[in-house]
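Everything on this sheet refers to the single structure shown next.
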Amino acid sequence: MSGLVNAVAPVTRRVRAYFAPVDRAANAPVLFDAAQAGSFALDAAPAPWIDLGWCSAFTRTSATRVEPLRTGAPAVVQTQVRTEIEATVSLRFESWGKLQMALAAGSQQMNLLATAAGLPIGFNASDGD
2 MSGLVNAVAP VTRRVRAYFA PVDRAANAPV LFDAAQAGSF ALDAAPAPWI DLGWCSAFTR
62 TSATRVEPLR TGAPAVVQTQ VRTEIEATVS LRFESWGKLQ MALAAGSQQM NLLATAAGLP
122 IGFNASDGD
């Protein structure tokens with residue numbers, strides 16, 4: 002009997018996404034410690050995490066390669082090692098906002114319909130319109 006256990010794929014109906022900004026001064030990401038904040042209310046994520054809302058079509062694809070490690074004069078396989086550790090995560094946001102658009106596009110989103118003061122172009126404050 003083999004001592005290997007097959008991986009169990011988690012089954013979920015919905016996934017909720019959260020985002021934490023990178024500390025640019027220290028050039029370090031904010032880590033989520035499940036031991037300290039593992040059971041938080043879904044509507045009130047712990048700071049500095051920001052709720053991105055519900056997501057669908059969540060998939061994680063592993064691109065990690067496992068290759069044999071050969072040793073000795075006849076180059077016998079001794080063990081297996083991981084090379085090129087990598088994974089890809091994809092998801093579909095169920096509701097969209099500026100943060101979701103910025104993450105999906107990989108760039109900052111600008112409001113081109115408002116001036117720097119926050120008033121729409123062509124709006125005359127003295128007219129009251």
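Throughout the sequence shown, residue numbering follows the numbering used here, covering 2 to 130 in sequence. Glycine is no exception: its CB is placed at the ideal position from the N, C-alpha and C atoms. These figures come from a predicted structure and were not determined experimentally.
How long is the line joining the alpha carbons of residue i and residue j, rounded to whole angstroms?
i	j	result
M102	R71	47 Å
L32	I86	19 Å
G98	R17	15 Å
A76	S96	55 Å
T89	L43	24 Å
C56	R66	28 Å
A27	V78	43 Å
R105	F94	According to the sequence provided, residue 105 is Ala. The question's Arg does not apply to it. Their Cα atoms are separated by approximately 9 Å.
Let me confirm a value: residue i is counted as buried when at least 16 other C-beta atoms fall within 10 Å, else exposed. Which label applies?
i	result
L113	exposed
A74	exposed
Keeping to the same chain, check which residues put their C-beta closer than 6 Å to that of residue i; ignore five residues upstream and five downstream.
i	result
T80	L70
P30	V23
Once DSSP output is grouped into helix, strand and coil, what is the label at residue i?
i	result
D130	With a pLDDT of 48 at D130, under the threshold of 50, the modelled position of this residue cannot be trusted; read the value that follows with caution. D130 falls in the coil class under three-state DSSP.
A42	coil
A35	helix
R15	coil
A21	coil
W55	strand
T72	strand
A26	coil
T62	strand
Only counting the same chain, and skipping five residues up and downstream in sequence, which positions put a Cβ closer than 8 Å to that of residue i?
i	result
F41	P47
A38	P47
I51	Y19, F20, A21, P22, L100
(request) Run through the segment 76-121 for me and flag every whole beta strand (DSSP E) of 3 or more residues, listed as ranges in chain order. (result) Listed in chain order, the complete beta strand (DSSP E) runs (minimum 3 residues) inside the segment 76-121 are 77-84, 88-94.
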